[in-house]
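Engineer:
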Amino acid sequence: MREWFGYDQTMKEGPDISRIAALIGDPARSNILTALMDGRALTASELAEEAGVGLSTASGHLSKLTEAALVTPRKSGRHKYFHLTDAEVAAVLEALMGLAARTGATRVRTGPRDAQMQVARVCYNHLAGRMGVQMYSSLIGRGLVVEIGEDASLSDAGRTFAEQFGIDLKGLEKGRTRLCRTCLDWSERRNHLAGSLGRAMLDRMEEQGWMARVPGQRVIRVTRKGERAFEEMFGVVG
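Shown next, in the form of structure tokens:
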């Protein structure tokens, strides 16, 4: 029955989350999406390997993800690469990882890589994990970043700090990406810093030799120099 006590079940309004949820919920497609969470652009062949499926199957999944605007293709020479469409998609995936971890829906395999992922990892293009949360908490505690609901913004003191750290704020503000965004960390279940500033902060720490991304992984390796410098700059406040 479509009508039940005067309620017409066909009259649904608002965004259809079931379609997006079904796309993300497929195991192969979820593997494809999480493989792109480190910000890299990968080919269909590389994503097929990550998903554990054949190339033709992966191509079919990528067509559906592209149609739903979850991934975007980009041609470079003879190759076509795929990347997450934007930071909003990455934030949804990070939040789902947190929900999965909280409810016990985790992968069976554990090991050193899992522990390192919780310390420092790439979330799309910014620092996540324990160190990402520590940096954000330090910025908040010192009044450099101000939380506004679920959003965040730089204070005047924060702008001075960022510029002294070597961040080109004027250049970032010319781009389309919001300067400051909060992103819920899946392992720490607290916010870390996203947005163009989050990306620039990670880039700057890499330039200074504090951190280095592990090729083909989301893990970030922190150098001894980086450990000391990070604690000096983003040590626990209060």
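Heads up, the sequence shown is in the numbering used here, so the first residue is 13 and it goes up one at a time.
All C-beta atoms in this analysis are idealised placements derived from N, C-alpha and C, irrespective of residue type, glycine included.
Any contact between the stretch 159 to 167 and the stretch 214 to 232? By contact I mean 3 or more CB pairs, one from each, below 8 Å.
Structural biologist: Flag = no, the stretch 159 to 167 and the stretch 214 to 232 do not touch.
Engineer: Using a Cβ-Cβ cutoff of less than 8 Å, which residues in the same chain neighbour H138 once the five nearest sequence positions on both sides are dropped?
Structural biologist: On the sequence shown, residue 138 is found 126 positions in, with the first residue counted as 1. Result list for H138: G144, C195, H204, L205, A206, G207, G210, R211, M213 and L214, in chain order.
Engineer: Starting from T97, follow the beta strand (DSSP E) in both directions and report where the run begins and ends.
Structural biologist: The count along the sequence shown starts at 1 and reaches residue 97 at position 85. It is not in any beta strand (DSSP E) - T97 carries neither H nor E in the DSSP assignment.
Engineer: Is E175 closer than 8 Å to L181 when the C-beta atoms are compared?
Structural biologist: In the sequence shown, the residue the question calls residue 181 occupies position 169. In the sequence shown, the residue the question calls residue 175 occupies position 163. Their beta carbons are under 8 Å apart, which means L181 touches E175 by this criterion.
Engineer: Whose C-alpha, out of A40, M223 and I44, is nearest the C-alpha of A140?
Structural biologist: Within the sequence shown, residue 140 is the residue found at index 128, counting from 1. The residue with the shortest Cα to Cα distance from A140 is M223.
Engineer: Taking Cβ positions, are L54 and A63 nearer each other than 8 Å?
Structural biologist: Residue 54 sits at position 42 when you count from the first residue of the sequence shown. Residue 63 sits at position 51 when you count from the first residue of the sequence shown. Not a contact, by the Cβ cut-off of 8 Å.
Engineer: Just to confirm my understanding: we take A169, look at its own chain, exclude 5 residues before and 5 after, and list those with CB closer than 7 Å. What are they?
Structural biologist: If you number the sequence shown from 1, residue 169 lands on position 157. Around A169: G155 and L156.
Engineer: Here's a check: name, in chain order, each residue in its chain whose Cβ is nearer than 8 Å to the Cβ of L67, leaving out the five neighbours to either side.
Structural biologist: Taking the sequence shown and counting its residues from 1, the one referred to as residue 67 is at position 55. Closer than 8 Å at the Cβ level, and outside the excluded window around L67, lie A56, S57 and A60.
Engineer: With DSSP as the reference, please indicate the residues paired to H138 in a beta bridge.
Structural biologist: Taking the first residue of the sequence shown as 1, we reach residue 138 at position 126. For H138, which the question treats as bridged, DSSP gives the partners C135.
Engineer: Any idea which residues DSSP pairs A224 with across the strands?
Structural biologist: Sequence index remark: in the sequence shown, residue 224 carries index 212 (1-based). A224 pairs with R233.
Engineer: For R86, does the three-state DSSP call read helix, strand or coil?
Structural biologist: By one-based count along the sequence shown, residue 86 stands at place 74. The answer is strand: DSSP assigns R86 an E or B state.
Engineer: Quick one: Cα of R188 to Cα of E100, how far?
Structural biologist: Position 176 of the sequence shown, counting from 1, holds the residue named residue 188. Position 88 of the sequence shown, counting from 1, holds the residue named residue 100. Going by the C-alpha atoms only, they are around 13 Å apart.
Engineer: Can you list, in chain order, the stretches of the alpha helix (DSSP H) that have 4 or more residues and sit fully within the stretch 48 to 73?
Structural biologist: Fully enclosed alpha helix (DSSP H) runs of 4 or longer: 56 to 63.
Engineer: Taking only the alpha-carbon atoms, compute the straight-line gap between F177 and T84 and give it to the nearest angstrom.
Structural biologist: Indexing the sequence shown from 1 puts residue 177 at position 165. Indexing the sequence shown from 1 puts residue 84 at position 72. The alpha-carbon atoms of F177 and T84 are separated by roughly 32 Å.
Engineer: Just the Cα atoms here: how many angstroms apart are S30 and G37?
Structural biologist: The residue you call residue 30 lines up with position 18 of the sequence shown. The residue you call residue 37 lines up with position 25 of the sequence shown. Near 10 Å, if we compare the C-alpha coordinates of G37 and S30.
Engineer: Using DSSP bridges, identify the partner residues of N43.
Structural biologist: The residue you call residue 43 lines up with position 31 of the sequence shown. Bridge partners of N43: none, in fact.
Engineer: Given L191, which residues of its chain have a CB within under 7 Å of its CB, disregarding the five upstream and five downstream residues?
Structural biologist: Within the sequence shown, numbered from 1, the residue matching residue 191 stands at position 179. L166, L184, E185, G207, S208 and L209, listed in sequence order.
Engineer: Look up L184 in the DSSP assignment and say whether it is helix, strand or coil.
Structural biologist: Looking up residue 184 in the sequence shown gives position 172. It is helical.
Engineer: Could you name the residues of the same chain whose beta carbon sits closer than 6 Å to that of A132, not counting the 5 residues immediately before and after it, in chain order?
Structural biologist: Position 120 of the sequence shown, counted from the first residue, corresponds to residue 132. Cβ within range, chain order: G141, M143, I232 and V234.
Engineer: For my contact list, C135 and M245 are in at a C-beta cut-off of 8 Å; report their separation, rounded to the angstrom.
Structural biologist: Translated into positions along the sequence shown, residue 135 becomes position 123. Translated into positions along the sequence shown, residue 245 becomes position 233. That pair is no contact at about 20 Å.
Engineer: Which value, in whole angstroms, describes the spacing of the CA atoms of F94 and R86?
Structural biologist: Within the sequence shown, the letter at position 82 stands for residue 94. Within the sequence shown, the letter at position 74 stands for residue 86. Between F94 and R86, the C-alpha separation is close to 6 Å.
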